[in-house]
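**Q** There's a structure below that I have some questions on.
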Amino acid sequence: MKRSIGARTVMYPTPVMVVGTYDVDGKPNAMVAAWGGICCSVPPCISVSLRKATYTYECLMERKEFTISIPSKNYVEEADYLGLASGRDTDKFKDTHLTPERAEHVNAPFVKEFPVSIECRVIGIHELGLHTQFIGEILDVKVEDDCLIDGTPDTDKIGPFLYSPGNSSYFATGEFLMKAFTCGKKFMRK
Ligand SMILES: Cc1cc2nc3c(=O)[nH]c(=O)nc-3n(C[C@H](O)[C@H](O)[C@H](O)COP(=O)(O)O)c2cc1C
979 MKRSIGARTV MYPTPVMVVG TYDVDGKPNA MVAAWGGICC SVPPCISVSL RKATYTYECL
1039 MERKEFTISI PSKNYVEEAD YLGLASGRDT DKFKDTHLTP ERAEHVNAPF VKEFPVSIEC
1099 RVIGIHELGL HTQFIGEILD VKVEDDCLID GTPDTDKIGP FLYSPGNSSY FATGEFLMKA
1159 FTCGKKFMRK
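So the sequence shown is numbered by this note's numbering: it starts at 979 and just counts up by one.
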């Protein structure tokens, strides 16, 4: 039997996305966001929901362009710091010794050390409540050469990690289970 635990932000898993923006003076900033993910295939879009209190919200309202960098599990502590400190008070790139690199298609920085970066232009803004949802159209995705197998990003090599809201913890991704869009076919009527 299931027991109700109330209306809470519980969902498994959530991504660990690092949102990169420039502020009005051109200072690069990065923050962690777990509330979001892919939200449309054509055009390819990603959503991130930000509180108005974040510096990133301010920068994004100004610039309407951002990147998502996906950290590998070697950088859990750096990523966590990007979710603790505010770019309003400090330079988080300097603090963590991470390198901001200007994106090619948008006016926003990505984190050089992280294996995947996604370049996005805001095409929708939705006021939801505490969070404002930004929809970014994906203009390009860049993946480190050594994380690609035959041109396809390899999860093991990227080594992403996940955030579990229920117990505020990070987890590595697990082992391969089965092929998607394939393993369920056995239930199809002939
Ligand atoms: C694991 C994790 C997930 C987070 N997810 C979000 C989120 O989805 N939206 C949000 O507004 N803040 C989120 N935060 C908090 C922000 O990252 C934090 O407030 C950060 O200091 C904002 O940085 P900024 O002021 O430089 O933009 C998260 C923090 C952590 C550690």
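Glycine included, each C-beta is placed from N, C-alpha and C at the ideal position.
Find out if the Cβ-Cβ distance for the pair K1084, E1043 is shorter than 8 Å.
**A** According to the sequence provided, residue 1084 is Val. The question's Lys does not apply to it. Yes, the pair counts as a contact, with Cβ atoms nearer than the cut-off.
**Q** Relative to the C-alpha of Y1053, which residue among R1066, F1092 and F1088 is closest?
**A** The option with the nearest alpha carbon to Y1053 is F1092.
**Q** Relative to ligand 1, is the shortest distance from any of its heavy atoms to the C-beta of L1062 smaller than 7 Å?
**A** Yes, ligand 1 has a heavy atom inside 7 Å of this Cβ.
**Q** Could you pull out every residue in the same chain whose Cβ sits closer than 7 Å to the Cβ of Y1035, ignoring the five residues on either side in sequence?
**A** These residues qualify, in order along the chain: L1028, R1029 and T1110.
**Q** Could you pull the start and end residues of the beta strand (DSSP E) that R1080 belongs to?
**A** R1080 -> beta strand (DSSP E) spans P1078 to R1080.
**Q** Do M1009 and T1032 come within 8 Å of each other at the CB atom, strictly closer than that value?
**A** Cβ distance < 8 Å, so T1032 and M1009 count as in contact.
**Q** Per DSSP, what kind of secondary structure is T1110 in: helix, strand or coil?
**A** DSSP places T1110 in strand when its eight states are reduced to three.
**Q** Can you name, in chain order, every residue of its own chain whose Cβ lies under 8 Å from the Cβ of S1142, other than the five neighbours on each side?
**A** Closer than 8 Å at the Cβ level, and outside the excluded window around S1142, lie Y990, P991, T992, Y1148 and F1149.
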